[in-house]
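Numbering (the numbering used here), first residue to last: 647 to 926.
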Amino acid sequence: MENYIQQINGEKWLVEDEKENLKISYRIKEVIAEKQSDFQHVMIVDSYDFGRMLVLDGVVQTTSLDGHIYNEMITHIPLSIHPNPKNVLIIGGGDCGAAREVMKYDQVQSLDMVEIDEWVVRFSKEHLRAISGNLSDPRVNFLYQDGIAHVAHKRNHYDVIIVDSSDPIGPAEQLFEKSFYQKIYHALKEDGLMVCQSQSPLLHQKVMSKTNESLGELFAHRKLYTATIPTYPGGFWSFTLGSKKYHEVYVDAFEKETKYVNLELLHSCFQLSEFIKKYV
Ligand code: SAM
Numbered sequence: 647m648e649n650y651i652q653q654i655n656g657e658k659w660l661v662e663d664e665k666e667n668l669k670i671s672y673r674i675k676e677v678i679a680e681k682q683s684d685f686q687h688v689m690i691v692d693s694y695d696f697g698r699m700l701v702l703d704g705v706v707q708t709t710s711l712d713g714h715i716y717n718e719m720i721t722h723i724p725l726s727i728h729p730n731p732k733n734v735l736i737i738g739g740g741d742c743g744a745a746r747e748v749m750k751y752d753q754v755q756s757l758d759m760v761e762i763d764e765w766v767v768r769f770s771k772e773h774l775r776a777i778s779g780n781l782s783d784p785r786v787n788f789l790y791q792d793g794i795a796h797v798a799h800k801r802n803h804y805d806v807i808i809v810d811s812s813d814p815i816g817p818a819e820q821l822f823e824k825s826f827y828q829k830i831y832h833a834l835k836e837d838g839l840m841v842c843q844s845q846s847p848l849l850h851q852k853v854m855s856k857t858n859e860s861l862g863e864l865f866a867h868r869k870l871y872t873a874t875i876p877t878y879p880g881g882f883w884s885f886t887l888g889s890k891k892y893h894e895v896y897v898d899a900f901e902k903e904t905k906y907v908n909l910e911l912l913h914s915c916f917q918l919s920e921f922i923k924k925y926v
């Protein structure tokens, strides 16, 4: 099994290889659990500054300190635009943080959580409760399979699809392809909408532009929004929404229990800085 923890001057460090010229390091107290699954190396570590973290193939996915920012932004924005989200699908999202936020909506009757790697869910429920809340709502159906195969067979089925994927390498690579978004389009009802994380506007401009281009070609409405998430490289992250019909935040009050999202943010997250406008 690959060892992702380095000993530097007698201390444990997780060194994430982000790009050829960029590594991000976290000092670690201990490795809580690790496993080489059929898909990737899955690890929960306890870090000094970010608390417990989920790490896949050496890349930090979510942390106790700032995981709520990402999970709230990828869920409450689309669910404040779609007025009646009954059937929701999350692709990926094995840490269960996004699913936990979706469950705050009484209108949601069923949530399919399609995660390729059961070990991510198992470890998160057991060792990462700050994020997963040990999710056990009966409306959630856990399906352990490839999200691409799952949507390929669905037609006119979901109101909202959330693509909560890891980076575009390994099992998640194809989750950034236009052919995948096309399948999602068909799996959505005629007034459905989707959202995906579209990487860093500063460090991954190509991925962000391509995602926006693909969704712009497929959907009647395409919108980009951003948030600051310290754990992700560059600290500044983008999300892209594709919608067949609804494209404005319809709520005039926001009463969910959250740590990051509020009514003002539901609107202001769509304000884009000058350089981002040039890429989308
Ligand atoms: N919030 C995190 C981020 O942006 O880095 C990622 C959330 S979550 C941990 C990503 C999940 O997507 C992983 O658990 C991974 O196993 C899952 N995944 C990757 N490829 C997949 C696929 N083809 N189908 C379903 N799930 C997939």
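Here a beta-carbon is modelled for each residue, glycine too, at the ideal position from N, C-alpha and C.
Inset, instruction - From the DSSP output, read off the bridge partner residues of Thr-708. - result: According to DSSP, which records beta bridges pairwise, Thr-708 is partnered with Leu-700.
Inset, instruction - Could you tell me if Arg-868 is buried or exposed, where buried requires 16 or more neighbouring beta carbons within 10 angstroms of its beta carbon? - result: By the neighbour-count rule (16 or more Cβ atoms within 10 Å), Arg-868 is buried.
Inset, instruction - Check whether the stretch 799-817 touches the stretch 857-867, taking contact to mean three or more Cβ pairs, one atom from each stretch, closer than 8 angstroms. - result: These segments do not touch.
Inset, instruction - Measure the CB-CB distance between Thr-904 and His-722 and report whether it falls below 8 angstroms. - result: It is a contact, given that the beta carbons lie within the stated cut-off.
Inset, instruction - Would you give the residue range spanned by the alpha helix (DSSP H) that Tyr-827 belongs to? - result: First-last of the alpha helix (DSSP H) with Tyr-827: 824-833.
Inset, instruction - In angstroms with no decimal places, state the Cα-to-Cα distance between Glu-666 and Asn-655. - result: Taking the straight line joining both Cα atoms gives about 24 angstroms.
Inset, instruction - Along the alpha helix (DSSP H) that carries His-913, what are the first and last residues, could you check? - result: From DSSP, the alpha helix (DSSP H) with His-913 extends over 909-914.
Inset, instruction - Quick one: grab the DSSP three-state call for His-637. - result: The chain is shown only over 647 to 926; residue 637 falls outside these bounds and no answer can be derived.
Legend entry - Spatial distance of Leu-668 from Gly-881 (CA atoms): Going by the C-alpha atoms only, they are around 13 angstroms apart.
Legend entry - DSSP bridge partner residues for Thr-872 (one or two, in chain order): Partner residues in the beta bridge of Thr-872, as assigned by DSSP, are Ser-884.
Inset, instruction - Answer yes or no: does any C-beta atom of chain D fall closer than 8 angstroms to that of Leu-774? - result: You won't find chain D in this structure, because it holds only one protein chain.
Legend entry - Among Tyr-672, Lys-891 and Asp-695, the one whose alpha carbon lies nearest that of Gly-704: Each of Tyr-672, Lys-891 and Asp-695 was checked against the Cα of Gly-704, and the nearest Cα belongs to Tyr-672.
Inset, instruction - Enumerate in chain order the residues of its own chain whose CB-to-CB distance from His-796 is below 6 angstroms, with the five nearest sequence positions on each side excluded. - result: For His-796, same chain residues with a beta-carbon under 6 angstroms away, outside a window of 5 residues either side, are Val-760 in chain order.
Legend entry - Proximity winner among His-799, Ile-794 and Asp-695, relative to Ile-762 (alpha-carbon distances): Of the candidates His-799, Ile-794 and Asp-695, the residue whose Cα lies closest to the Cα of Ile-762 is Ile-794.
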